[in-house]
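Top line first, the protein sequences correspond to chains V and D. Add 180 to the 1-based position in the first sequence for the working numbering, that's all there is to it. Add 16 to the 1-based position in the second sequence for the working numbering, that's all there is to it. Note that the Cβ used here is the ideal one computed from N, Cα and C, for glycine as well. To keep things clear, I will list the structure first and then write my remarks on it.
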Amino acid sequence: MSTFFSSSPVHLANNHKLLIQLCQVVKVYKTAAGDFTALNGITADLHAGEFVGVIGKSGAGKTTLLNMITGADMISSGEVIFNAPDGKSVSIHKLSENSMAVWRGLNVGIIHQSFQLLPMLTLMENIMLPVDFSGHYRRRVSKERAIELLKLVELEDHAYKLPAYISGGQKQRVAIARSLVNDPPIIVADEPTGSLDTLTAETIFEIFETLIEQGRTIIMVTHDNNLGPRFTRRLQIADGIIVDDSGFHLASAQEQQ
Amino acid sequence: MNGAPDASMIQLRNVVKRFKNTAGEFVALRGVDVDILSGQFVAIVGKSGSGKSTMLNMITGIDHPTSGEVLVNGVNIYKMSESERSLWRGHNLGIVFQFFQLLPMLTLLENTMLPMDYCNVFSPLERPERAMELLKMVGLEQQAHKLPAAVSSGQQQAAAIARAMATDPPIIVADEPTGNLDSRSSEEIIKLFNQLVQNGKTIILVTHDPTITELTTRTLIISDGKIIDETVAQALPLLNHTQMLKVTQKLERQEIPAGGTIIHKGEHIDYFFMIAQGEVEIVLESSKGSEVTLARLGEGGFFGEVELVHGGNSIASVRAAPDSPVKLVALHHKDFTEMLVGSPLTEEAISRIVQARLVENRAADRRKRWW
Numbered sequence: 181m182s183t184f185f186s187s188s189p190v191h192l193a194n195n196h197k198l199l200i201q202l203c204q205v206v207k208v209y210k211t212a213a214g215d216f217t218a219l220n221g222i223t224a225d226l227h228a229g230e231f232v233g234v235i236g237k238s239g240a241g242k243t244t245l246l247n248m249i250t251g252a253d254m255i256s257s258g259e260v261i262f263n264a265p266d267g268k269s270v271s272i273h274k275l276s277e278n279s280m281a282v283w284r285g286l287n288v289g290i291i292h293q294s295f296q297l298l299p300m301l302t303l304m305e306n307i308m309l310p311v312d313f314s315g316h317y318r319r320r321v322s323k324e325r326a327i328e329l330l331k332l333v334e335l336e337d338h339a340y341k342l343p344a345y346i347s348g349g350q351k352q353r354v355a356i357a358r359s360l361v362n363d364p365p366i367i368v369a370d371e372p373t374g375s376l377d378t379l380t381a382e383t384i385f386e387i388f389e390t391l392i393e394q395g396r397t398i399i400m401v402t403h404d405n406n407l408g409p410r411f412t413r414r415l416q417i418a419d420g421i422i423v424d425d426s427g428f429h430l431a432s433a434q435e436q437q
Numbered sequence: 017m018n019g020a021p022d023a024s025m026i027q028l029r030n031v032v033k034r035f036k037n038t039a040g041e042f043v044a045l046r047g048v049d050v051d052i053l054s055g056q057f058v059a060i061v062g063k064s065g066s067g068k069s070t071m072l073n074m075i076t077g078i079d080h081p082t083s084g085e086v087l088v089n090g091v092n093i094y095k096m097s098e099s100e101r102s103l104w105r106g107h108n109l110g111i112v113f114q115f116f117q118l119l120p121m122l123t124l125l126e127n128t129m130l131p132m133d134y135c136n137v138f139s140p141l142e143r144p145e146r147a148m149e150l151l152k153m154v155g156l157e158q159q160a161h162k163l164p165a166a167v168s169s170g171q172q173q174a175a176a177i178a179r180a181m182a183t184d185p186p187i188i189v190a191d192e193p194t195g196n197l198d199s200r201s202s203e204e205i206i207k208l209f210n211q212l213v214q215n216g217k218t219i220i221l222v223t224h225d226p227t228i229t230e231l232t233t234r235t236l237i238i239s240d241g242k243i244i245d246e247t248v249a250q251a252l253p254l255l256n257h258t259q260m261l262k263v264t265q266k267l268e269r270q271e272i273p274a275g276g277t278i279i280h281k282g283e284h285i286d287y288f289f290m291i292a293q294g295e296v297e298i299v300l301e302s303s304k305g306s307e308v309t310l311a312r313l314g315e316g317g318f319f320g321e322v323e324l325v326h327g328g329n330s331i332a333s334v335r336a337a338p339d340s341p342v343k344l345v346a347l348h349h350k351d352f353t354e355m356l357v358g359s360p361l362t363e364e365a366i367s368r369i370v371q372a373r374l375v376e377n378r379a380a381d382r383r384k385r386w387w
């Protein structure tokens, strides 16, 4: 498991630097029944190397917040600023659709509760699927890279199996491997342990914690309050606002900057 | 690419699937025989753990049967290598899943193009255009450049259907396609399936959704790894699945040529008959030797029950309609009685039909006061 992990010193060097700034983020959905405000002014600074838990009940706005951070959905007002390790800052919702796709492809890995693996493809093929960011950036994932990622999640022995032959926890590990294809500094995960039993969920947390040790930043959505202690940072969300923000140590951040 | 209507599209022959795990062996399918015809819209239903999804995986080749054969569009899919099967699958099957399985980093358009890229069908220049057409078909042209996260669950499933159609396969297979959707989105998805059936596609889906099973041309019920006889399910809908399976296992099958007699008047009846195919006539002979046709029964109809419920000999003759050979499934008297004891609801329903028929019989022949 160690060869790949030690190969990302870049992430570690940037630890605790300001990575993502959420500034008065508002998202209003227009529905037939009228406007629905999913996010009502979210402000928070997220730092490299944080394991952020976005915690709240169903309908609180957690997934919407993730979609604002990945740029998957349009913002109604406010800003999401990404501070690249090279010092450049971008306000991601001001990017064109294509530039945003390229930005996302390079910087964000996405993991879902229901894995989103293609069942007719082997684990290898699922990881090697062409990653096409609106035609601007096409990169075939090499076999070696795919195997390296499968090793990272300890599934290299299953490389040529179809997803139907492995367990739910193993499927989620494949999804994690796929999310790391471009070696992104940020991983966002929407209820990644939501359909797994406690023991299996633990293996997913172990992988996440290793990724954090490398200096990657993980933003994970969960409705499960009990998972709170697993995160280094907790954003409690209710009715589209942050009701509690705990766990971040300003001192250590200032020390680094 | 769609098969001729009524030609056999999918055949399962004595398919058995055993799973081995640490707790021992589990038999998911215990000898399944099914013939699905081109253009049929088939629902597979059954309780959780009955073997529904396993059966679907046998058809898609995502899993292997322990024994038995699966022929899809004339091809024995388990005689191919894994990579041949993968390519075959890409051309012949569109698959739709409960949780959509769209790639989160790709737009709906890119997701829809994936199977074309993977199977190398349509020229690379045609692919975006075809993907857009398919998204238009499912009402998503405005959302084509959005990521899955930015659209509703119903829209994600519609995109998954567009993707399933990408290589224009003759067969669509879906596992609980509306299982994760609200009722309005479900309706939209069901409309799409209906449209595909009208275009000649063969659709097989596993579902719990009664609004889907109302629309399908066939419903296969699976219980404890076996398929319940479709005639039993149709004729005796008030039995539970376990009871239906028990009846299925005790059936005797008969084929009668057109016009052939099944029961002679006055004969002692030992069986409860259900009509699997064709039509029968129940005929009363008048005292002068002329005949009165009391009833004509079609598929799913049953007879013999008057005598069986009340005891005694047949009061009328039963024969295959002159223009239609008949396939029957028959349940012996003692199994029939056992079934009624196990299902008071079925007994009540059958008694009601018997009473109604007795009234009809009296009306048809007032002179012969045989009751």
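- Around N247 (chain V), the beta-carbon contacts reaching into chain D at under 7 Å are A165 and A166.
- When V:K197, V:S276 and V:A213 are compared, the shortest CA-CA separation from G267 (chain V) is found for V:K197.
- When Cβ-Cβ separations below 8 Å define contact, Q117 (chain D) makes contact with chain V.
- Counting along the chain, F262 (chain V) sits inside the beta strand (DSSP E) bounded by residues S257 to N263.
- Leaving aside the five residues that flank A369 (chain V) on each side, the residues in its chain whose CB is nearer than 6 Å to its CB run, in chain order, I291 and M400.
- By the rule that beta-carbons nearer than 8 Å mark a contact, Q296 (chain V) touches chain D.
- By the criterion of at least three beta-carbon pairs nearer than 8 Å, the segment 260-271 of chain D is in contact with the segment 337-355 of chain D.
- Here D215 (chain V) is bridged, per DSSP, to V:K210.
- Listed by position along chain D, the residues whose Cβ is nearer than 7 Å to that of D253 (chain V) are A165 and A166.
- Between the segment 220-234 of chain V and the segment 391-400 of chain V, the count of C-beta pairs closer than 8 Å reaches three or more; the two stretches touch.
- With contacts defined by Cβ atoms closer than 8 Å, L297 (chain V) and K351 (chain V) form a contacting pair.
- When CB distances to chain D are screened at a threshold of 7 Å, the residues of the segment 326-344 of chain V falling below it are L342 and A344, in chain order.
- A direct Cα-to-Cα measurement between L141 (chain D) and R179 (chain D) gives close to 17 Å.
- Closest by C-alpha distance to P131 (chain D), out of D:L156, D:F116 and D:R105, is D:R105.
- Sequence-distant Cβ neighbours of M71 (chain D) in its own chain, meaning closer than 7 Å and more than five residues away, are L45, V48, I60 and I238.
- In this structure, the beta-carbon distance from S271 (chain V) to V260 (chain V) falls below 8 Å.
- Between G90 (chain D) and L28 (chain D), the CB-CB gap reaches or exceeds 8 Å.
- Counting of Cβ neighbours within 10 angstroms places D191 (chain D) among the buried residues, the total reaching 16 or more.
- In this structure the segment 346-364 of chain D does not touch the segment 294-305 of chain D; the number of beta carbon pairs closer than 8 Å is below three.
- For F113 (chain D), the closest Cβ of chain V is nearer than 8 Å.
- In chain order, P299, M300, L342 and A344 make up the part of chain V whose C-beta sits under 7 Å from the C-beta of I78 (chain D).
- According to the DSSP assignment, D51 (chain D) belongs to the beta strand (DSSP E) that extends over G40 to L53.
- Think of a sphere of 7 Å around the beta carbon of R368 (chain D): no beta carbon from chain V falls inside it, the nearest being about 46 Å out.
- A Cβ-Cβ contact shorter than 8 Å links E277 (chain V) with H161 (chain D).
- A residue is called buried once 16 or more other Cβ atoms fall within 10 Å of its Cβ, and G314 (chain D), having fewer, is exposed.
- For Y345 (chain V), the secondary structure class from DSSP, reduced to helix, strand or coil, is helix.
- One thing to note: L301 (chain V) has its Cβ no nearer than 8 Å to the Cβ of K341 (chain V).
- For the options D:H224, D:V248, D:K217 and D:P186, the alpha carbon positioned closest to that of L197 (chain D) is the one of D:H224.
- Between the segment 203-211 of chain V and the segment 239-257 of chain V, the count of Cβ pairs shorter than 8 Å is three or higher; the stretches touch.
- Separation of T380 (chain V) and E364 (chain D) (C-alpha to C-alpha, rounded to the nearest whole angstrom) is 50 Å.
- Proximity of L309 (chain V) to chain D, defined by a Cβ-Cβ separation below 8 Å, is satisfied.
- Judged by DSSP secondary structure, S333 (chain D) falls within the beta strand (DSSP E) whose first and last residues are S333 to A336.
- Not flagged as an interface residue toward chain D: H273 (chain V), since no C-beta distance is shorter than 8 Å.
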